[in-house]
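Notes to accompany the following structure.
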Amino acid sequence: MNRNSHLESKPSRRSFLQPGFWSAVDVPTVVRRRIAAVRKHAQTAPGYRPCVVARLLFLAQIAVGLATIGRPESCEAATLPVGFAETQVASGLLQPTAMSIAPDGRIFVCQQGGRLRVIKNGVLLPKPFVTLAVNAVDEGGLLGVAFDPNFTSNRFVYVYYTANTAPPHNRVSRFTAQGDLAVPGSQRVILDLNNLTNSRHYGGAIHFGRDGKLYIAVGDNDVGTNAQTLSNLFGKLLRINSNGTIPSNNPFFSTALGKNRSIWALGLRNPFTFAVQPGSGRIFLNDVGQSNWEEIDDGHSGANYGWPETEGPTSDPRFVSPVHAYRTGSLGSCAITGGTFYNPPIRMFPAGYVGTYFFADYCGGWIRRYSPSTGQVRGFATVIVQPVDLDVATDGSLYYLRREGATARGAIRRIRYVGQ
Ligand SMILES: [Ca+2]
């Protein structure tokens, strides 16, 4: 195989995070407000049918010459197994990239352009929690959000975003919440990553482990060799204390220097999402592949997942083979995205779902689930427009975040088990 092919662009992935045009379009505010009011009124009406309302509103926009404000939110329902049903939780999210559910049930959603939105009691609050100055070129922007394990008492919220510096670099910052807003001036930079050399493969997911450490998934910045060196943070999973210091029991603490001591695992291409299993603390990493394989990797301290030397299953003793990999292009796939374990405090889904790992594919538009105990993979949901993130709520329902491209607005939907 031509080695250079490993470094070629992956067009379907490039389209992932395109700059939008919404902000550049001058639409009279009064008209926008009127449309929003009509939509809101329709949503509270008995027998509300979102597709019908969306299409009528779109036709109304055309009638008054406002079709340029964009397609209506995609309103196709997902196809689900018997006994499951979904409801729309929020829509109107511009280029969303990630979400996280707070201990109090609010959902925080990253919009690529820098706004961290809050959904409270089923309502998307008009005012963002915080608006960050980001570099949103190509795959950059606001890409990850996590709550401190002690959020209820310290109200700390962490974000991963592309700082708009020259050259740009990714950064993890902490904010302090006061109600639904960040306390002005409360930003504390936790970690500044390396300067970027191009606008692709940023990773961006952040989660706290069971050990209370903050894990940060970083892409290779489209330079494969980055993933195999301990001299930068690209293509790695990092592990730090929540204040930005580095735990001395990290695997490369004594062999790497400076910030590179935060490296916990390496050999990753673009781990856009990962998940921590409640209870066990097990970490599954979703590594977006180049042209052959999408991977679910089992997180281990010091593990090397092989990129760019190998992609997909491997018997090379230097590398850790994925627990599951699927062929890029199979089932319409192009990039593995959201992942979450089904281990909620309250079980809603049938018992067989407990302990399984839901994962999604961006182009495939599906959610499937992997069983760590049997190795079996089963289908779950299809007809989901560009899923980018998954989360299980305290009540045992499954939430998914649909990006829906650069011209529509994304949405969050909730899947419940309602019985046979
Ligand atoms: Ca690999």
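Numbering-wise, the working numbering puts 260 at position 261 of the sequence shown, and it's gapless, one number per residue.
Ideal placement from N, C-alpha and C gives every residue a C-beta, glycine not left out.
Quick caveat: nothing in here was measured; it's all calculated off a predicted structure.
Residue i: first and last residue of the uninterrupted alpha helix (DSSP H) it sits in
i: Ser152; result: Phe150 to Asn153
In DSSP terms, what residue i is bridged to
i: Phe357; result: Thr339 and Arg368
i: Asp147; result: BP columns for Asp147 are empty, so no partner.
i: Pro386; result: Arg401
i: Asp191; result: Arg170
i: His206; result: Tyr214
i: Ala181; result: Ala176
i: Arg238; result: Tyr214
i: Arg377; result: Arg368
i: Gln110; result: Pro95
i: Asn303; result: Leu265
i: Val391; result: Leu397
i: Tyr157; result: Ala145 and Arg173
i: Thr130; result: Arg114
i: Val122; result: Lys119
i: Ala162; result: Val133 and His168
i: Thr78; result: Thr381
Residue interval of the beta strand (DSSP E) (run including residue i)
i: Glu85; result: Phe83 to Leu92
i: Lys119; result: Arg114 to Lys119
i: His323; result: His323 to Arg326
i: Ala97; result: Pro95 to Ile100
i: Tyr416; result: Gly409 to Tyr416
i: Glu293; result: Trp292 to Asp297
i: Ala264; result: Ile262 to Leu265
i: Ala350; result: Looking at the DSSP string, Ala350 is not in any beta strand (DSSP E), and its letter there is neither H nor E.
i: Leu256; result: Looking at the DSSP string, Leu256 is not in any beta strand (DSSP E), and its letter there is neither H nor E.
i: Asp221; result: Segment: none, Asp221 is in no beta strand (DSSP E) and carries neither H nor E.
i: Phe283; result: Ile282 to Asp286
i: Thr272; result: Thr272 to Val275
Presumed contact (8 Å Cβ cut-off) between residue i and residue j, rounded CB distance
i: Gly143; j: Ile189; result: Not a contact, Cβ separation roughly 12 Å.
i: Pro386; j: Leu397; result: About 11 Å separates the two Cβ atoms, so there is no contact after all.
i: Arg238; j: Tyr201; result: About 18 Å separates the two Cβ atoms, so there is no contact after all.
i: Ile366; j: Ile383; result: 7 Å
i: Ile100; j: Tyr157; result: Between Tyr157 and Ile100 the Cβ distance is about 14 Å, and since that is not below 8 Å, they are no contact.
i: Tyr361; j: Ala334; result: 4 Å
i: Asp286; j: Thr336; result: Asp286 to Thr336, Cβ: 11 Å. No contact.
Close beta carbons around residue i, own chain, < 7 Å, minus the five adjacent residues each side
i: Gln110; result: Leu92, Leu93, Gln94, Pro95, Arg116 and Leu141
i: Glu310; result: Gly288, Gln289, Asn291 and Trp292
i: Arg31; result: Model confidence at Arg31 stands at a pLDDT of 48, short of 50, so the residue's coordinates are unreliable; what they give is reported in the following sentence. There are no such residues.
i: Tyr159; result: Leu142, Gly143, Asn169, Val171, Gly203, Ile205 and Ile215
i: Gly418; result: Gly82
i: Gln42; result: Any reading at Gln42 must be qualified, since the residue scores a pLDDT of 44, below 50, and its modelled position is unreliable; the value itself is stated next. Closer than 7 Å at the Cβ level, and outside the excluded window around Gln42, lies no residue.
Own chain residues within Cβ distance below 8 Å of residue i, not counting five before or after
i: Ser372; result: Gly354
i: Phe155; result: Phe146, Asp147, Asn149, Arg173, Phe174, Thr175, Ala176 and Ser241
i: Asn225; result: Asp219, Asn231, Phe233 and Gly234
i: His168; result: Thr161, Ala162, Asp191, Leu192, Asn193, Asn194 and Leu195
Proximal residues to residue i (C-beta, below 6 Å), its chain only, five neighbours per side dropped
i: Arg377; result: Arg368
i: Ile118; result: Ala89 and Ile106
i: Ala132; result: Asn163
i: Leu284; result: Pro270, Phe273, Asp296 and Gly298
i: Val136; result: Ser198
i: Phe340; result: Ala274, Gln276 and Tyr356
i: Ala77; result: Glu85, Ala380, Val382 and Ile383
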